[in-house]
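Reviewing the structure listed below.
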Amino acid sequence: MKFPEQPRDRSPAFLVAVCLAAGLASVGCVQTTVQEVRQADTRIGSGESIVILSRKHKTQGETEDDFVTCVSDAVNRGDGALPILSEREFVDATFPWFEPRTAPLNMEDLATVIARPLLSRRIDEIGVRYLVWIEGTTERTDESGSLNCTIFSGGIPACFGFLSWESGSNYEASVWDVERGMTVGTLSSEAAGTSFVPAVVVPIPVIARVREKACANLSAQIKTFIHPDMASMPPEG
């Protein structure tokens, strides 16, 4: 049986249904894995800061800018917050080496670029001690099912069906010590989960927020890696 459909309808009833669905959204289960490889001791002194970077030559599969922003913001707040120089401020201060056309493509390129005496002095002047280079992405896979929405006579909206998909986040952060000119460690954060949307009239999304979880885990790793004593500190309060 087919219901009369108005695909472009934006009636108040339709908007109410959409808002209701968003309000009922739940968080799906997410499985996480974190790993750390330390190659040298780390510490950060007064007046020193950290910059979190990713590849600027954007292609499919490259690290998302908003993920880098998420990690930077999380490292800069809460328990064990570390001083952060934003990626934009760093790019402006080191012009033109980190502009999109000239920026490093990977960790090996980064080591070569910052070894240049002029750039090395500039980074020292602005107080950056560690460069954290992030690679990775979040992908949505294995989608199945379908969800169909329509408008009944009288403007009543309804959705029917079941839609599900798998999502996976996989990120790696390499930590470069500017003062010693070496990689001091590598951190990784993986998260995977299944999202689904059952709908009998009103869709109720249950979303596995894998990228948010990967961001939270990676930022916590960076804090304890740069400041190892924080891992043994009792929680405040």
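Numbering follows my numbering, in which position 38 of the sequence shown is assigned residue number 77; successive positions increment by one, without gaps.
Idealized CB from N, CA, C, for every residue including glycine.
Item to complete: Take every Cβ of the segment 115–123, pair it with every Cβ of the segment 180–187, and state whether three or more of those distances are shorter than 8 Å.
Response: Between the segment 115–123 and the segment 180–187 there are fewer than three C-beta pairs closer than 8 Å, too few to call the two in contact.
Item to complete: Would you check if the distance between the CB atom of Met-146 and the CB atom of Glu-174 is smaller than 9 Å?
Response: Their beta carbons are under 9 Å apart, which means Met-146 touches Glu-174 by this criterion.
Worksheet item: Hey, quick one: how far does the beta strand (DSSP E) through Pro-196 stretch, first residue to last?
Response: Residues 196–216.
Item to complete: From the DSSP output, read off the bridge partner residues of Arg-77.
Response: According to DSSP, residue pairing for Arg-77 in a beta bridge involves Gly-224.
Practice prompt. Determine the burial state of Ile-165: buried for a count of at least 16 other Cβ atoms within 10 Å of its Cβ, exposed for fewer.
Written response: Here Ile-165 is exposed, its C-beta having fewer than 16 other C-beta atoms within 10 Å.
Worksheet entry | Through-space distance from His-266 to Ser-203, alpha-carbon basis | The alpha-carbon atoms of Ser-203 and His-266 are separated by roughly 40 Å.
Worksheet item: Excluding sequence positions up to five away, which residues of its chain have a Cβ less than 8 Å from the Cβ of Phe-264?
Response: Once the five neighbours on either side are set aside, the close Cβ partners of Phe-264 are Glu-75, Arg-77, Thr-81, Val-214, Gly-224 and Leu-226.
Worksheet item: Which of helix, strand or coil does DSSP assign to Pro-267?
Response: Under the three-state reduction of DSSP, Pro-267 is assigned to helix.
Worksheet item: Based on Cα-Cα distance, which residue from Phe-134, Arg-250, Pro-242 and Asp-163 lies nearest to Thr-177?
Response: Answer by Cα proximity: Arg-250.
Fill in: Within 9 Å, strictly: CB atoms of Arg-155 and Asp-216
Contact: no.
Item to complete: Could you tell me how far apart the beta carbons of Glu-229 and Ala-253 are, in whole angstroms, since I believe they sit closer than 8 Å?
Response: Indeed they touch by this definition, with Cβ atoms about 7 Å apart.
Worksheet entry | DSSP state of Val-57 mapped onto helix, strand, coil | Legend: pLDDT at Val-57 = 43, less than 50; position of this residue unreliable, value from coordinates given subsequently. Looking at Val-57 - three-state DSSP - the assignment turns out to be helix.
Worksheet item: Does the count of Cβ pairs from the segment 232–241 and the segment 186–200 closer than 8 Å reach three?
Response: Yes, the segment 232–241 is in contact with the segment 186–200.
Worksheet item: Where do the ends of the alpha helix (DSSP H) carrying Glu-101 lie?
Response: Following the DSSP letters along the chain, one finds Glu-101 in no alpha helix (DSSP H), marked with neither H nor E.
Worksheet item: When the Cα of Ile-83 is compared with those of Val-73, Ile-123, Ser-111 and Cys-109, which residue comes out closest?
Response: It is Ile-123 whose Cα lies nearest to the Cα of Ile-83.
Fill in: Distance between Gly-67 and Arg-179 (C-alpha atoms, nearest Å)
Each residue's Cα considered, the two are about 14 Å apart.
Worksheet item: If you draw a straight line from the C-alpha of Arg-94 to the C-alpha of Leu-158, how long is it?
Response: So the two alpha carbons sit approximately 18 Å from each other.
Fill in: Status (buried if at least 16 other CB within 10 Å, exposed otherwise) for Pro-242
Buried: at least 16 other Cβ atoms inside 10 Å.
Worksheet entry | Cut-off 7 Å between Cβ atoms - residues of its own chain near Lys-262, not counting five sequence neighbours on either side | Around Lys-262: Val-114, Gly-119, Leu-121 and Met-269.
Item to complete: Assign Thr-133 to buried or exposed, taking buried as 16 or more other Cβ atoms, counted over all protein chains shown, within 10 Å of its Cβ.
Response: Result: buried.
Practice prompt. Measure the alpha-carbon distance for Leu-170 versus Phe-106 and round it to whole angstroms.
Written response: If you take the alpha carbons of Leu-170 and Phe-106, they lie about 16 Å apart.
Discussion item. Quick check on the burial criterion: 16 or more other C-beta atoms within 10 angstroms. Buried or exposed for Gln-260?
Written reply: Burial of Gln-260 is indicated by the presence of at least 16 other C-beta atoms within 10 angstroms of its C-beta.
Worksheet item: In whole angstroms, what separates the C-alpha of Pro-244 from that of Thr-233?
Response: Rounded to whole angstroms, the separation of the alpha carbons of Thr-233 and Pro-244 is 11 Å.
Worksheet item: Whose C-beta lies closer than 7 Å to the C-beta of Thr-108 among residues of the same chain, with five residues either side of it excluded?
Response: None.
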